[in-house]
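Q: Questions regarding the structure given below will be posed in turn.
There are 2 protein chains.
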Amino acid sequence: IESRNDKALHLLLDDFHYADIAEILDELNLDKAVYIIKLLDSDTTSDILTELDEDIREKVLKRLSAKEIAEEIEELDTDDAADIIAELPESRQEEVISKIEDQDHKAEIKELLAYDEDTAGGLMAKELVKVYDTWTVAGCLRRIRGQAEEVTRVHSVYVVNKQDKLVGRLSLKDLIVAKNEQKIADIYISNVDSVNVNEDAEDVAKIMSKYDLEAIPVVDDNQTLLGRITIDDIVDVLKEEADKDYQLAAGITQDVDSDDSIIELTRARLPWLFLGLVGGIGAFLIMEGFHNVFEKYAVLFFFTPLIAAMAGNVGVQSSAIIVQGLANDDVKGSVNSRLIKEMLLAALNGFILALFLFFFVWITKGSPTTALAISASLVIVIIVAGLIGTFVPLFLNKQGIDPAIATGPFITTSNDIFGILIYFWIAKMILGI
Amino acid sequence: IESRNDKALHLLLDDFHYADIAEILDELNLDKAVYIIKLLDSDTTSDILTELDEDIREKVLKRLSAKEIAEEIEELDTDDAADIIAELPESRQEEVISKIEDQDHKAEIKELLAYDEDTAGGLMAKELVKVYDTWTVAGCLRRIRGQAEEVTRVHSVYVVNKQDKLVGRLSLKDLIVAKNEQKIADIYISNVDSVNVNEDAEDVAKIMSKYDLEAIPVVDDNQTLLGRITIDDIVDVLKEEADKDYQLAAGITQDVDSDDSIIELTRARLPWLFLGLVGGIGAFLIMEGFHNVFEKYAVLFFFTPLIAAMAGNVGVQSSAIIVQGLANDDVKGSVNSRLIKEMLLAALNGFILALFLFFFVWITKGSPTTALAISASLVIVIIVAGLIGTFVPLFLNKQGIDPAIATGPFITTSNDIFGILIYFWIAKMILGI
Chain D
21 IESRNDKALH LLLDDFHYAD IAEILDELNL DKAVYIIKLL DSDTTSDILT
71 ELDEDIREKV LKRLSAKEIA EEIEELDTDD AADIIAELPE SRQEEVISKI
121 EDQDHKAEIK ELLAYDEDTA GGLMAKELVK VYDTWTVAGC LRRIRGQAEE
171 VTRVHSVYVV NKQDKLVGRL SLKDLIVAKN EQKIADIYIS NVDSVNVNED
221 AEDVAKIMSK YDLEAIPVVD DNQTLLGRIT IDDIVDVLKE EADKDYQLAA
271 GITQDVDSDD SIIELTRARL PWLFLGLVGG IGAFLIMEGF HNVFEKYAVL
321 FFFTPLIAAM AGNVGVQSSA IIVQGLANDD VKGSVNSRLI KEMLLAALNG
371 FILALFLFFF VWITKGSPTT ALAISASLVI VIIVAGLIGT FVPLFLNKQG
421 IDPAIATGPF ITTSNDIFGI LIYFWIAKMI LGI
Chain S
21 IESRNDKALH LLLDDFHYAD IAEILDELNL DKAVYIIKLL DSDTTSDILT
71 ELDEDIREKV LKRLSAKEIA EEIEELDTDD AADIIAELPE SRQEEVISKI
121 EDQDHKAEIK ELLAYDEDTA GGLMAKELVK VYDTWTVAGC LRRIRGQAEE
171 VTRVHSVYVV NKQDKLVGRL SLKDLIVAKN EQKIADIYIS NVDSVNVNED
221 AEDVAKIMSK YDLEAIPVVD DNQTLLGRIT IDDIVDVLKE EADKDYQLAA
271 GITQDVDSDD SIIELTRARL PWLFLGLVGG IGAFLIMEGF HNVFEKYAVL
321 FFFTPLIAAM AGNVGVQSSA IIVQGLANDD VKGSVNSRLI KEMLLAALNG
371 FILALFLFFF VWITKGSPTT ALAISASLVI VIIVAGLIGT FVPLFLNKQG
421 IDPAIATGPF ITTSNDIFGI LIYFWIAKMI LGI
């Protein structure tokens, strides 16, 4: 394919969707990818750019001149345009913006760049269809024809008053169904959901998915209409959020994927492993402290991996349920009632598991006292692990810290240490050493 | 509020969005919830029903007569209606369907009930706006006015030929911009994405989010237009999928949330804990097998929790990255190259951690040989754990099994056992016992 046969390549790629071309380019080497991007029209390549893998996009953009980037940017909606410019190094941002010819587009992109990317302002696009409440349906349709050319997809028509304040919305359907001479003021729906420009992106996602909205207008503190957020951006926010929580639960800090370099993966994984190492050393110190139990009850030491594993598993289960509940906003009731419930649950699970372990140790070791000591401590260890797993994420959430960091290695490591300590302590008491 | 003051209650609730009322009802006791549902109009309550928590909806529906449920169902779009009926016990399904008065609606719901809920057919709604390619723009607008009354949100107008086969689409925007006398055949966009009715729901979600679609038409094997799927249903699919993977990674089998009963939570959690218990017993048996190492090198036993924790953490990290990569379709290249990469990564991480551990043991125990034995086995354990964590999900995925079950307790338990076995084995070799 790469014999520089431009025409054949053109014909071939014209049939592809830009998202598919982006996927192909992700696989090609950089030279070939840049070659293809320069070959195709900027209205296709601009869309391809938005779909490219972030790392590859960065490399491709480095190979394009500021002028070329500006041309791509001109084809994009303001939200995508601002996202791409925001990824460039500071020094190039200015240069690219200065090369954008369309003055309105330039001003809008500059405005969007000023918002934090994790807020409604960072998600919104300036492209929207807006009508004044004093217009008639016929006049409205005429103007919409003009505005709509710029807007890829019209979700809702937003109705504003003379001061550009959002007062309501209209669907295209309503407009089509209405009579030509009716006034907008008579037909618009005044009950319109909107979000403030400084609202957190995750909260916007929650609102839109709760109310099944496909687009939501963004306003400032004075209700002035600034832009709109569409559901496809929200799908991305939800996905990123879910991926982040999943990775945190697995002990992976940064947003990495399996194709990232070994160095990047190490940077994301090593800190959590190091935490595990420190925890393991803690467990070692505890066990050494109990080394005088050793001569008589060596069997206790053979069960430490079991105790540590159970403490870890229970902790991860209970923290995961809480973290997920917090993310879906369905953790209700007081912290105390949560802890009591988890305690009962852990006690029930612990009792069933301990019963099994009791008979196993009794039969294999022939000593009911040892069996009792080990299985009784297992119950307590499981209860404590469940309480820690429930309490820590609730506590972090109250402190305004993302509770997702409390899942995974963090909870398993701390539960390993607590579990082993409690285990030896209780076993020692029961065995009367 | 509950002094049966119907009018005041009506006034109060009329201002709320149905999703908010559903949230309030989730909190109330059953009597009060049923009372409010009977009080309000069925066009609000039907929407409330779709938003209620599944357990509560089941209870509320039990308290309504078949006739009352049928009235709610009449107000709903076909996809939501079919979902609610599917939740009823078999015997009641028939009864409720027979009470639906609108014959078209009834036939459509029956058709939807026939599809598997995890396919495109299970997600789609019958409500859509469809035009024939022979119509003119003016005639089309007239008919759309009729059809659109039934459809809550018009995303796209689908264009079919005389045999009802999907040939293209039109946006309302295109229609508004077009001239009245133009033929649909001249203005429609023939490049239309569609999915087969038997396509897997997750794949539909991938297609829609990849191409940023807000609705997609569903066709049968003959390209006949059957229905459409909208992005809000996809948001739900993506969320459920993410929740399921997250819970599996934490060792929670069924879809539970923190408000479920202790029995339900136990059923979801206990099997995984039991797996951990069996793994712990396995570790016990291995350690007992090495008990003759005990007298001389008791210190080895004190490090088993560390070894087990590291093996578990590394395994979870590498399996999580693979599972997430598989879910996002970006695991490329051969299994072998994946395994080599993971081996290098694990070797690098393992070496850094082992170096630290080596000096710790050397300094505290004064024996470089013991330190070497422990830290060298740590490197091997980490490499093996990484390979298992990478290989198992890839293998399961090849076998058509959901790789997400290979994360969490499954991988930690098996890595605990392998890790401890390898650890003692290598330490024994190095120490020459």
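For the protein sequence lines, the chains are D and S, in the order given. Counting in our numbering, the first sequence runs from 21 upward without gaps. Counting in our numbering, the second sequence runs from 21 upward without gaps. Built from N, CA and C at the ideal position, the CB exists for glycine as well. If you're wondering where the values come from, they're calculated on a predicted model, not measured in any experiment.
(1) If you draw a straight line from the alpha carbon of Ala-396 of chain S to that of Thr-389 of chain S, how long is it in whole angstroms?
(2) With DSSP as the reference, label Gly-188 of chain S as helix, strand or coil.
(3) Give the interface partners of Arg-287 of chain S over in chain D, defined as CB-CB distance under 7 angstroms, in chain order.
(4) Under 8 angstroms, with one C-beta from each stretch per pair, do the region 240 to 248 of chain S and the region 139 to 150 of chain S reach the 3-pair mark?
(5) Using the C-alpha atoms, what's the distance from Val-276 of chain S back to Leu-285 of chain S?
(6) Is any beta-carbon of chain D found at less than 8 angstroms from that of Arg-423 of chain S?
(7) Measuring alpha carbon to alpha carbon, tell me which of S:Ala-262, S:Asp-279 and S:Thr-250 ends up nearest Glu-147 of chain S.
(8) Check each residue of the region 121 to 135 of chain D: if its Cβ is closer than 9 angstroms to any Cβ of chain S, include it; give the result in chain order.
(9) If distances are taken between C-alpha atoms only, which option among S:Ala-269, S:Ala-158, S:Ala-145 and S:Gly-452 comes closest to Gly-409 of chain S?
(10) Measure the C-alpha to C-alpha separation of Phe-380 of chain S and Gly-406 of chain D and round it to an integer number of angstroms.
(11) DSSP state of Tyr-208 of chain S, grouped into three classes?
(12) Give the straight-line distance between the Cα atoms of Ile-342 of chain D and Ala-426 of chain D, rounded to the nearest whole angstrom.
(13) Using the beta-carbon of each residue, which ones in chain D are nearer than 7 angstroms to Glu-308 of chain S?
(14) I'd like to know if the region 31 to 46 of chain S and the region 62 to 78 of chain S are in contact, where contact means that at least 3 CB-CB pairs between them fall below 8 angstroms.
(15) Within this structure, are the beta carbons of Leu-190 of chain D and Val-177 of chain D separated by less than 8 angstroms?
(16) Considering only residues of the region 317 to 389 of chain D, which uninterrupted alpha helix (DSSP H) runs meet the minimum length of 4 residues and lie entirely inside it, listed in chain order?
(17) Excluding five sequence neighbours on each side, which residues of the same chain lie with their C-beta closer than 6 angstroms to the C-beta of Lys-79 of chain S?
(18) Select from S:Lys-185, S:Lys-82, S:Asp-206 and S:Glu-88 the residue whose C-alpha is nearest the C-alpha of Glu-110 of chain S.
(19) Using a Cβ cut-off of 7 angstroms, pull out every chain D residue sitting near Trp-292 of chain S, in sequence order please.
(20) For Asn-435 of chain D and Gly-370 of chain D, which I take to be in contact (beta-carbon distance under 8 angstroms), what is that distance rounded to the nearest angstrom?
(21) From the DSSP output, in three-state form, read off Asn-218 of chain D for me.
(22) Buried or exposed for Ala-134 of chain D, going by 16 or more other Cβ atoms inside 10 Å?
(23) For the beta strand (DSSP E) that contains Thr-156 of chain D, what are its first and last residues?
(24) What would DSSP say about Val-149 of chain D, mapped onto helix, strand or coil?
(25) Return helix, strand or coil for Gly-247 of chain S, following the three-state DSSP convention.
(26) With 8 angstroms as the C-beta to C-beta threshold (strictly closer), list the residues of the region 410 to 441 of chain D near chain S in chain order.
(27) Answer yes or no: does any C-beta atom of chain D fall closer than 8 angstroms to that of Ala-405 of chain S?
(28) Spatial neighbours of Glu-95 of chain D within its chain, please: CB distance less than 6 angstroms, with the 5 preceding and 5 following residues excluded, ordered by chain position.
(29) For Arg-287 of chain S, tell me which candidate among S:Gly-296, S:Glu-114 and S:Thr-273 has the shortest Cα-Cα distance.
(30) Per the DSSP calculation, Lys-203 of chain S is bridged to which residue(s)?
(31) In chain order, what residues of the region 269 to 286 of chain S put their CB closer than 8 angstroms to some CB of chain D?
(32) Expressed to the nearest angstrom, what Euclidean distance is found between the alpha-carbon atoms of Glu-88 of chain D and Leu-29 of chain D?
(33) Could you tell me whether the region 215 to 227 of chain S touches the region 190 to 199 of chain S, using the rule of 3 or more Cβ pairs below 8 angstroms?
(34) Since Ile-236 of chain D is in the beta strand (DSSP E), which residue starts that stretch and which ends it?
(35) With DSSP as the reference, label Val-180 of chain S as helix, strand or coil.
(36) Going by C-alpha to C-alpha distance, which of D:Leu-346, D:Asp-280 and D:Val-313 sits closest to Asp-279 of chain S?
A: Reading it off the structure:
(1) The sequence position of residue 396 of chain S within the second sequence is 376, counting from 1. The sequence position of residue 389 of chain S within the second sequence is 369, counting from 1. Spanning the two alpha carbons is a distance of roughly 10 angstroms.
(2) What you label residue 188 of chain S is simply residue 168 of the second sequence in a count that begins at 1. Looking at Gly-188 of chain S - three-state DSSP - the assignment turns out to be strand.
(3) Here residue 287 of chain S is taken as the residue at index 267 of the second sequence, counted from 1. Neighbours of Arg-287 of chain S on chain D: none; closest Cβ ~10 angstroms, over 7 angstroms.
(4) Between the region 240 to 248 of chain S and the region 139 to 150 of chain S, the count of C-beta pairs closer than 8 angstroms reaches three or more; the two stretches touch.
(5) As a position in the second sequence, residue 285 of chain S is number 265, starting the count at 1. As a position in the second sequence, residue 276 of chain S is number 256, starting the count at 1. Cα to Cα, the separation comes out at about 7 angstroms.
(6) Here residue 423 of chain S refers to the residue found at position 403 when the second sequence is read from its first residue. It should be noted that the sequence gives Pro, not Arg, for residue 423 of chain S. Using a Cβ-Cβ cut-off of 8 angstroms, Pro-423 of chain S does not count as an interface residue toward chain D, since no Cβ of chain D sits closer than that to its own.
(7) Working through the second sequence from its first residue, we reach residue 147 of chain S at position 127. When the alpha-carbon of Glu-147 of chain S is set against those of S:Ala-262, S:Asp-279 and S:Thr-250, the nearest one is in S:Thr-250.
(8) Residues: none.
(9) Translated into positions along the second sequence, residue 409 of chain S becomes position 389. Across the set S:Ala-269, S:Ala-158, S:Ala-145 and S:Gly-452, the C-alpha of S:Ala-269 shows the shortest separation from the C-alpha of Gly-409 of chain S.
(10) Numbered from 1 along the second sequence, position 360 holds the residue referred to as residue 380 of chain S. Numbered from 1 along the first sequence, position 386 holds the residue referred to as residue 406 of chain D. Between Phe-380 of chain S and Gly-406 of chain D, the C-alpha separation is close to 32 angstroms.
(11) To locate residue 208 of chain S, count along the second sequence from 1; it is residue 188. Of the three classes helix, strand and coil, the one that applies to Tyr-208 of chain S here is coil, per DSSP.
(12) Indexing the first sequence from 1 puts residue 342 of chain D at position 322. Indexing the first sequence from 1 puts residue 426 of chain D at position 406. Whole-angstrom Cα-Cα distance: 10 angstroms.
(13) Position 288 of the second sequence holds residue 308 of chain S. Residues of chain D passing the Cβ test: Phe-322.
(14) Taking 8 angstroms as the limit for Cβ pairs, the verdict is that the region 62 to 78 of chain S does touch the region 31 to 46 of chain S.
(15) Position 170 of the first sequence, counting from 1, holds the residue named residue 190 of chain D. Position 157 of the first sequence, counting from 1, holds the residue named residue 177 of chain D. In this structure, Val-177 of chain D lies closer than 8 angstroms to Leu-190 of chain D by Cβ.
(16) Counting whole runs of 4 or more residues, the region 317 to 389 of chain D contains the alpha helix (DSSP H) stretches 318 to 322, 324 to 347 and 355 to 385.
(17) By 1-based counting over the second sequence, the position of residue 79 of chain S is 59. Counting only Cβ-Cβ distances below 6 angstroms, and skipping sequence neighbours, we find Leu-50.
(18) Against the second sequence, residue 110 of chain S aligns to sequence position 90. The shortest Cα separation from Glu-110 of chain S among S:Lys-185, S:Lys-82, S:Asp-206 and S:Glu-88 belongs to S:Lys-82.
(19) Translated into the one-based positions of the second sequence, residue 292 of chain S becomes position 272. The contacting residues are Asn-333.
(20) Here residue 435 of chain D corresponds to residue number 415 of the first sequence, with the count starting at 1. Here residue 370 of chain D corresponds to residue number 350 of the first sequence, with the count starting at 1. Not a contact, Cβ separation roughly 13 angstroms.
(21) Against the first sequence, residue 218 of chain D aligns to sequence position 198. Residue state, collapsed to three classes: coil.
(22) Position 114 of the first sequence, counted from the first residue, corresponds to residue 134 of chain D. So Ala-134 of chain D ends up on the exposed side.
(23) Here the question's residue 156 of chain D lines up with position 136 in the first sequence. For Thr-156 of chain D, there is no enclosing beta strand (DSSP E), as DSSP gives it neither H nor E.
(24) Mapped onto the first sequence, residue 149 of chain D falls at position 129. Three-state result, Val-149 of chain D: strand.
(25) By 1-based counting over the second sequence, the position of residue 247 of chain S is 227. Gly-247 of chain S falls in the strand class under three-state DSSP.
(26) Taking 8 angstroms as the cut-off between beta carbons, the residues of the region 410 to 441 of chain D near chain S are Thr-427, Gly-428, Pro-429, Thr-432, Thr-433, Asp-436 and Ile-440, in sequence order.
(27) Mapped onto the second sequence, residue 405 of chain S falls at position 385. Not closer than 8 angstroms to any Cβ of chain D, the Cβ of Ala-405 of chain S fails to qualify, so no.
(28) Taking the first sequence and counting its residues from 1, the one referred to as residue 95 of chain D is at position 75. Excluding residues within five positions, the ones whose Cβ falls inside 6 angstroms are Ser-62, Asp-63 and Ser-66.
(29) Residue 287 of chain S sits at position 267 when you count from the first residue of the second sequence. Ranking the options by Cα distance to Arg-287 of chain S, first place goes to S:Thr-273.
(30) The residue labelled residue 203 of chain S in the question sits at position 183 within the second sequence. DSSP lists S:Thr-156 as partners of Lys-203 of chain S.
(31) Of all residues in the region 269 to 286 of chain S, Ala-269, Ala-270, Gly-271, Ile-272, Val-276, Asp-277, Ser-278, Asp-279, Ile-282, Leu-285 and Thr-286 have a Cβ within less than 8 angstroms of some Cβ in chain D.
(32) To locate residue 88 of chain D, count along the first sequence from 1; it is residue 68. To locate residue 29 of chain D, count along the first sequence from 1; it is residue 9. The straight-line gap from Cα to Cα measures roughly 21 angstroms.
(33) Too few Cβ pairs lie closer than 8 angstroms, so no.
(34) Within the first sequence, residue 236 of chain D is the residue found at index 216, counting from 1. Note, Ile-236 of chain D: beta strand (DSSP E), 235 to 239.
(35) What you label residue 180 of chain S is simply residue 160 of the second sequence in a count that begins at 1. Reduced to three states, the DSSP call for Val-180 of chain S is strand.
(36) By 1-based counting over the second sequence, the position of residue 279 of chain S is 259. That would be D:Leu-346, whose Cα lies nearest to the Cα of Asp-279 of chain S.
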